[in-house]
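Enquirer:
In our numbering, the protein residues as written are -9 to 142.
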């Protein structure tokens, strides 16, 4: 990191990933054209899980180029009089793959439900079973994680 005084310890960056409500998945196609999309996700044990439809731009890119980054912003506040921004963020770099094992897909979907709809886990089981074929799970194996913070 160029500005080492803004670096956040890796354990704090992991906490940002665990607690974040959404992140931006960035992919690139085989020609290097970037694509970033905000997504819901769950982070556990060095892996990020994202659910999506079974076709689309992000999946096309992952099939062509499995290297991705994933950014979570814990907070950001512009300080107009200082021409600055206070923020805390984390960026994970990793390899993305599409989960094909139904058990792993269900496990990931239940983790997502526990994070975002914890009062509806029982109801979610039917929804998961009914939509499993039409649902894809992206798994990102995190290879490198950085965090950055500024209070300007």
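Just so you know, even glycine gets a beta-carbon here, dropped at the ideal spot from N, CA and C.
Remember, it's a predicted structure, so these values are computed and weren't measured experimentally.
Is it the case that the region 49 to 62 contacts the region 102 to 120, given that we only count it when at least three CB pairs across the two stretches are under 8 Å?
Expert: no
Enquirer: Check whether the region 87 to 95 and the region 3 to 22 are in contact - that is, three or more C-beta pairs closer than 8 Å.
Expert: no
Enquirer: Which same chain residues, not among the five before or five after residue 25, have their C-beta less than 8 Å away from its C-beta?
Expert: Locating residue 25 in the chain shown gives position 35, where the first residue counts as 1. Around residue 25: 16, 17, 18, 19, 47, 48 and 51.
Enquirer: Does DSSP put residue 16 in a helix, in a strand, or in coil?
Expert: Locating residue 16 in the chain shown gives position 26, counting from the first residue. Reduced to three states, the DSSP call for residue 16 is strand.
Enquirer: Please report whether the beta-carbon of residue 25 lies at a distance below 7 Å from any beta-carbon of chain C.
Expert: No chain C is part of this structure, which consists of one protein chain only.
Enquirer: For residue 91, report the span of its beta strand (DSSP E) as first-last.
Expert: Translated into the one-based positions of the chain shown, residue 91 becomes position 101. Note, residue 91: premise wrong, no beta strand (DSSP E); not H, not E.
Enquirer: Since residue 44 and residue 125 should fall inside the 8 Å C-beta cutoff, what is the C-beta to C-beta distance between them, to a whole number of angstroms?
Expert: Looking up residue 44 in the chain shown gives position 54. Looking up residue 125 in the chain shown gives position 135. Their Cβ separation, rounded to whole angstroms, is 7 Å, which keeps residue 44 and residue 125 in contact under 8 Å.
Enquirer: Tell me, which residues are paired with residue 131 by DSSP?
Expert: Reading the chain shown from its first residue, position 141 is the one you call residue 131. 37 and 85.
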